[in-house]
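Note sheet for the following structure.
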DNA sequence: AGCACGCCGACT
DNA sequence: GTCGGCGTGCTC
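Numbering (our numbering), first residue to last: 20 to 878.
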């Protein structure tokens, strides 16, 4: 069983069909896991909570309200209303609790939601990631279900004398100013407190004067949205109808006897009064019917299953043959047709009444994938990700609970999609780091959670990638090497995880992988080429236009690649809140020049002169997308290009628009960053250029090589996916680097072998495990002290390495100073892990502490 | 989060 | 003596 068993009693789950009728009168009380306020702060902050947080509160059931374990409730807590989960019913109130303290359950928000296996999944997440259970529930539920009331402040204009503000304190005047700026003079405490320092004190003054009043707004829940619908109730219209009325009924009949009211009005060009009359005459009824708001992609032409090559067929058969839980690693080179396998593996499941879950790194980046699923399965597709509006998310969530066989495509959080009848989980591009959540807690990895989920639902999990993560590789491919990275500690060990390795070594239609040419930029410079483009790349770009083909330019832009500095005194413009230089942006071609911090989003205009020496020679350096774009315009004036980066894809649907433009041949070249690596399928692209690979190679953590290989191999894989063969040009100052060599030879396996040897020697994942303690505070000394105190208190023992405390790579971000402690240990040695509650106690309140389990982002 | 309770320093 | 700062603990 679990090592760190918490006090939380198991959920007494209602079995379907079980009747409560005989006991309902006896169970007048319910124990509730309350979503206590103060527990879930935004960002990484989290404080001592576990003991009191997992505590259950007892409420009385008012007459007529039926509650079952697992129901989502709204209960009074202090002076506010909060959400909670019913854990179990009681026939008697606890003896040690004064009866007058017990309050009534307010309402049932949603019932029959948690099933046994789903509850167990959340429990495992809570244990493994050391996260309070209620917070895990919160991660799993769509926002707006666990409601919370809000304290608000309202202006009482009638009490305010004219022009008598001088006697007020400064913050009080500020409050009045802000409230008066809005017509209703009404804001939440939360908002005002953020805007005004000393808000609470000033609020008191104003209440005493009677100039403002406070009130509590009840929680706003997402509710099913309804729309009036008109239904035909008679087959033969009564004879006493007018000609017009008969006409209208005829229209309704032609539409299958049912139409949305607003559509109906438009089609018949009639009014509600007319329809009301018909309703009175008993010919039709007008009712409210629930509508499910869901993101509808563009309608796409239906398509048919494509024929498979031998390797694809083999892989598909293996997936279909698997009964129950197994992990299958689908290792297919770029362009090998993994998506077609997913589609054909899912098709028979739907016929069996089961559903499938497809997890992808970022939905916005892969409109093509969703389109292909839509083309094959039509409206059986539901898209679920955090960019959906609250209503859309809520409705999609309700739609999943119906149990209709369907396919949910979603990002990280969709691993918690409440599909009751799961037949298959697919995690596409499984190596991608966006499956890991850095903050807030739980700091879960969707791959790890998917593994548990597949096990609990007893269904297969397919991990797909052209460049599998070393974790998955070791788990599936390297036998007898321990239990791999993610298992162990306080998650129940999975004894014999059945696993399969499925390989697609060739591209579909026997298309060759692109040739990869490595260009040594040092030689270019020696030979007098000072352009950011090598002669090879210049030639290739020239040919692109002539041969009417398309290309991609990849730029690795991170950190210092586009800083602004003074050519006279060397001054570099830095972020006032973070220890990084500001990056140069230009929103439109001739638009304003903005300097932006990539860490805290601080922005300022580009100063004309150097703030230090007033020199006008203040210029930006580095090769961001903009710089490359400028160079291109200069050197290849007739090459049409599209920039594809966070500047140009900020708006909703921009990805799709830009990609469609490109696919329609409105440009010759796509220039962009990381986004280009994620599964784009653009058949016309024959050329891929990597402007400078070096920025990728020398990042200071143990995963740098793996990440660099994955990124480069994925970009390279965008070339030659159509009829024409592809060509890749990688520019670098270190052509002898092993990653570069592996990319050139498309040699995943030998790269992996060497990389794994190093990981094993240093006991890094996937062999050893890591836990990262992140500390941050506005006070530089307090964090440092806290980090030292905590590090000193950690248990010293064989098999547990404590690295640090050390300042984070970038010490200060958004005015907070950051320190880290890294714990490294061998999972098979199972060292005694620290008592995290004790650790949290050592951490002063002013310092926030996040425990990141299996961290990936170490910055 | 919001509020009560309680402990110290500055002022009537 | 009292007012009011904020540190601590509780909310069924």
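Built from N, CA and C at the ideal position, the CB exists for glycine as well.
Short Cβ contact (8 Å threshold) for residue i with residue j
| i | j | result |
| --- | --- | --- |
| residue 132 | residue 91 | yes |
| residue 198 | residue 164 | no |
| residue 480 | residue 350 | no |
| residue 218 | residue 190 | yes |
| residue 574 | residue 467 | no |
| residue 462 | residue 720 | no |
| residue 911 | residue 537 | With the chain covering only 20 through 878, there is no way to say anything about residue 911. |
| residue 46 | residue 109 | yes |
| residue 796 | residue 527 | no |
| residue 737 | residue 699 | yes |
| residue 487 | residue 450 | yes |
| residue 475 | residue 140 | yes |
| residue 759 | residue 747 | no |
| residue 286 | residue 251 | no |
| residue 89 | residue 114 | no |
| residue 853 | residue 791 | no |
| residue 824 | residue 810 | yes |
| residue 632 | residue 587 | yes |
| residue 812 | residue 794 | no |
| residue 477 | residue 344 | yes |
Own chain, CB closer than 8 Å to residue i, minus 5 neighbours either side, in chain order
| i | result |
| --- | --- |
| residue 659 | 685, 686, 687, 688 |
| residue 382 | 389, 402, 404, 406, 428, 429, 430 |
| residue 914 | Any question about residue 914 goes unanswered here, given that the chain covers just 20 to 878. |
| residue 779 | 786 |
| residue 248 | 277, 278, 279, 280, 305, 306, 307, 308 |
Classification of residue i by the beta-carbon crowding that lies within 10 angstroms, buried from 16 upward
| i | result |
| --- | --- |
| residue 238 | buried |
| residue 318 | exposed |
| residue 148 | buried |
| residue 816 | exposed |
| residue 419 | buried |
| residue 361 | buried |
| residue 472 | buried |
| residue 787 | buried |
| residue 283 | buried |
| residue 196 | exposed |
| residue 529 | exposed |
Cut-off 7 Å between Cβ atoms - residues of its own chain near residue i, not counting five sequence neighbours on either side
| i | result |
| --- | --- |
| residue 803 | 838 |
| residue 289 | 267 |
| residue 771 | 489, 492 |
| residue 600 | 579, 582, 591, 592, 593 |
| residue 703 | 568, 569, 741 |
| residue 460 | 65, 148, 150, 154, 869 |
Whole-Å CB distance - residue i paired with residue j, under 8 Å assumed
| i | j | result |
| --- | --- | --- |
| residue 739 | residue 524 | That belief does not hold up - the Cβ atoms of residue 739 and residue 524 are roughly 16 Å apart, past 8 Å. |
| residue 484 | residue 448 | 6 Å |
| residue 127 | residue 56 | The pair is not a contact, with the Cβ atoms about 21 Å apart (cut-off 8 Å). |
| residue 708 | residue 559 | 7 Å |
| residue 2 | residue 245 | Residue 2 cannot be examined here, being either before or after the span of the chain that is shown, 20 to 878. |
| residue 442 | residue 336 | Residue 442 to residue 336, Cβ: 16 Å. No contact. |
| residue 670 | residue 711 | About 29 Å separates the two Cβ atoms, so there is no contact after all. |
| residue 887 | residue 675 | The question about residue 887 has no answer, for the chain in this structure spans 20 to 878. |
| residue 94 | residue 103 | 5 Å |
| residue 384 | residue 424 | Their Cβ separation, rounded to whole angstroms, is 27 Å, which puts residue 384 and residue 424 out of contact at 8 Å. |
| residue 865 | residue 801 | 6 Å |
Own chain partners of residue i with C-beta closer than 6 Å, once the 5 adjacent residues on each side are dropped
| i | result |
| --- | --- |
| residue 514 | Because the pLDDT of residue 514 is 48, which lies under 50, any placement of that residue in the model is unreliable, and the number read from its coordinates should be weighed accordingly. There are no such residues. |
| residue 482 | 348, 446, 449, 491 |
| residue 501 | Low confidence applies to residue 501: its pLDDT is 40, below 50, so where it sits in the model is not reliable, and the reading given next is rough at best. Around residue 501: 847. |
| residue 826 | 838 |
| residue 457 | 876 |
| residue 353 | 485, 736 |
Exercise. Evaluate the contact criterion for the region 423 to 439 versus the region 397 to 408: three or more CB pairs, one atom per stretch, below 8 Å.
Key: At 8 Å Cβ cutoff, the stretches touch.
Quiz item: Can we say the region 682 to 698 touches the region 640 to 659, given the rule of at least three CB pairs closer than 8 Å?
Solution: Yes, the region 682 to 698 is in contact with the region 640 to 659.
Quiz item: Can you find at least 3 beta carbon pairs, one from the region 704 to 716 and one from the region 582 to 595, that sit closer than 8 Å?
Solution: Using a Cβ-Cβ distance cut-off of 8 Å, the region 704 to 716 and the region 582 to 595 are not in contact, since fewer than three pairs of beta carbons, one from each stretch, lie closer than that value.
Quiz prompt | Inter-stretch contact at 8 Å, needing at least 3 Cβ pairs: the region 225 to 237 / the region 258 to 271 | solution = With a cut-off of 8 Å on Cβ pairs, the region 225 to 237 is not in contact with the region 258 to 271, counting fewer than three such pairs.
Quiz prompt | Three CB pairs or more closer than 8 Å across the region 759 to 779 and the region 816 to 833 | solution = Proximity of the region 759 to 779 to the region 816 to 833 falls short of the contact definition, fewer than three beta-carbon pairs being nearer than 8 Å.
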